[in-house]
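Data first, discussion second: the structure below is written as structure tokens.
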Amino acid sequence: MLSALHRTYEASPDEKINTAIEVGFAAASAIIIALLVATALMEDAPPGYDAMVDFYAACESHAFPIIGITDTITWLRFSTMDFFGSTVCCCAFRARLEQNKQKTPWFLALACCCLMQFGGTTLVGLLLGQPASWTTSPTACRSLLLAFWLSVSCPLDLFYRMYQHKIIKSMIAIGAALSTGHAVTSWGADKAISAIHPKPRSSVFSTLMAGAFGASGGGLSVHALDLWGERRRGKERSYAAFLFGAVASVSYYLMRNPHGVFEYEPLAPGRARLIIGALSLLSNAAPAVLGGHIAAATPPRVAEAAVRLMLRLPAHCGAAPPRAPSTRATKRD
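Residue 314 in the working numbering sits at position 253 of the sequence shown, and the numbers go up by one each step.
Have a look at this one:
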């Protein structure tokens, strides 16, 4: 975002408009988060606020049937949050295969989608030395299977074709962003706070890493195995996911103060989770809904830019970018 501001003076009118939109979105995001934090600190919250907290909390465990097929089977339900996240993973994996004109056995594709969707809670389980939460959930695995089947085998390819429409994709992106918010809190940092082993339960760093891994473990695992082939192209899809996970995890820890590191009263867990859910919407759903150019102005990117500015850190580490040819050399040629 800082580089975009520096280039504004030399930019075209369209680029200046995009930069103005980015700055406006960054300011609006900061105001929204500040208002949510201020409201969470109130003893007497405004009407409707507690309903929002309860709604977001209910999303974590909400499950749905398939109308006309499984609605009469009370135990056969599918996790709503996991279905949204699994749909994004499965459709993105299929789109990348089609873009690269590649094909892979269906079981390998399912394994890759499983790694993308549940890699975060898997890393959290490994970090804390306990079973990953998705392996003990009665609805998580079947939600992934449903999303995978709909993405690759739905009659007339109806589901995948519907997913290509902007409205449908935006709705699913919003649901996946809410799921990512819970991945930081309920399925990440909270797992460390209530870990079965005493050492991670009392560790600040374990809590921070559990929250960060919960939101980005799938992306980190995919990047480590190079399933997208991005290392050859110099692109890292996992960077944005881990950046959000780190910023959200630190924010959640500061609000919860679970180990009494700071001398202030912690926020109620439900209110802190709602703020992280809103942060996830602004960071993960907004680029899908409003356009990819918004990604540079999301709260994690702004936080990273602020840290870079304060600590005078370079934007990239490693080889310096190639120098442009000098004007003298050009004239001689």
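Glycine residues also receive a C-beta, built at the ideal position from the N, C-alpha and C atoms.
Remember, it's a predicted structure, so these values are computed and weren't measured experimentally.
In its chain, beyond the 5 residues on either side, no residue has a beta carbon closer than 6 Å to the beta carbon of I128. Bridge pairing for F125: F139 [DSSP].
In this model, K164 and I94 are separated by some 43 Å (Cα to Cα).
Rounded to the nearest angstrom, the gap between the Cα atoms of I254 and E76 is 45 Å.
Sixteen is the threshold: since fewer than 16 other Cβ atoms of the shown chains lie within 10 Å of the Cβ of S73, the residue is exposed. By the Cβ rule, the stretch 202 to 214 counts as touching the stretch 138 to 153, because three or more pairs are nearer than 8 Å.
Nearest C-alpha to Y117 among S263, A339, A208: A339.
Minimum Cα-Cα distance from S247 among the listed residues W136, G272, I336, F168 corresponds to G272. Positions of the beta strand (DSSP E) runs, each at least 3 residues long and wholly inside the stretch 276 to 357, cannot be given because no such run exists. Closest in alpha carbon position to A153, among T141, E365, A170, P166, is A170. Counting of Cβ neighbours within 10 angstroms places K252 among the buried residues, the total reaching 16 or more. With respect to the 8 Å criterion, T141 and F125 are classified as neighbours on the basis of their beta carbons.
Counting other Cβ atoms within 10 Å of its Cβ, F220 reaches 16 or more and is therefore classed as buried.
Between the alpha carbons of M232 and Y224 lies a distance of about 10 Å.
A straight line joining the alpha-carbon of S344 with that of P216 spans about 34 Å. The three-state reading of DSSP puts E104 in coil, since its state is none of H, G, I, E or B.
Taking the C-beta atoms as reference points, L328 is found nearer than 8 Å to M316. Counting C-beta pairs with one atom in each stretch, the stretch 174 to 183 and the stretch 276 to 284 have three or more that are closer than 8 Å, which means they touch. For C202, the secondary structure class from DSSP, reduced to helix, strand or coil, is helix. Straight-line spacing of the CA atoms in D132 and A346 works out to 30 Å.
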